[in-house]
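Asker: Take a look at this one; I'll ask things after.
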Amino acid sequence: MATAKIESGLMERLGRLKDGEECGDLPEYEIIAKGIRSSASFISSLARIKALSDENRLLCVLLLRRHSELCACEVQAATGLTHATVSHHMGVLVAAGLVRSRREGKWMYYSLTTRGGPLVP
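31 is the number of the first residue of the sequence shown in our numbering; add one for each residue after it.
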């Protein structure tokens, strides 16, 4: 991430937040934000949030919440998506750690992980 451009008046507003103290520590906030952004928990949370931000992926997770395991063709039938699209969306959910997959012959089955279950109603 690029360093934020300092807006005129920002230092004054930050100083008011600190009860009138001199506030010359804008880099301190940038360092804190950089540390948060690079943490494993932030990266993992962001991946899960991005995965759930798509309507079809959220629908897939909700379907799995109601059924312990679904075959890709069952997800396809429920969502009306093509096989390739279901495969793509489920791959995103697997990569985010929300869904696990297992292959049985030609069939691919999906179920929620312990991370995926509590995230949705």
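By construction, the Cβ of each residue, glycine as well, lies at the ideal position given by its N, Cα and C atoms.
Work out the CA separation of Tyr140 and Thr33 for me, nearest whole Å.
Answerer: At Thr33, the pLDDT of 49 sits below 50, so the modelled position is not reliable; the number obtained from the coordinates is stated separately. Straight-line Cα distance between these residues: approximately 41 Å.
Asker: So what's Glu60 in DSSP terms, helix, strand or just coil?
Answerer: Residue state, collapsed to three classes: helix.
Asker: Going by DSSP, what residue range makes up the beta strand (DSSP E) through Ser69?
Answerer: Run containing Ser69: none; DSSP gives neither H nor E here.
Asker: Can you tell which of Arg95, Arg130, Val116, Gly39 has its C-alpha closest to the C-alpha of Val105?
Answerer: Out of Arg95, Arg130, Val116, Gly39, Val116 has the C-alpha closest to the C-alpha of Val105.
Asker: Excluding the 5 residues flanking Val122 on each side, which residues of the same chain have their C-beta closer than 7 Å to its C-beta?
Answerer: Result list for Val122: Ala81, Arg87, in chain order.
Asker: Does the beta-carbon of Ala126, which I'm using as the reference point, lie nearer than 7 Å to any heavy atom of the ligand ATP?
Answerer: For the structure depicted, the ligand ATP is absent and the ligand set is empty, with no information on it obtainable.
Asker: For His97, count the other beta carbons within 10 Å of its own beta carbon; 16 or more makes it buried, fewer makes it exposed. Which is it?
Answerer: By the 10 Å Cβ count, His97 comes out exposed.
Asker: Leaving out the 5 sequence neighbours to the left and right, which residues in its chain are closer than 8 Å to Val129 when beta-carbon positions are compared?
Answerer: Cβ within range, chain order: Cys90, Val91, Leu94, Met120, Leu123, Tyr140, Ser141, Leu142, Thr143, Gly146.
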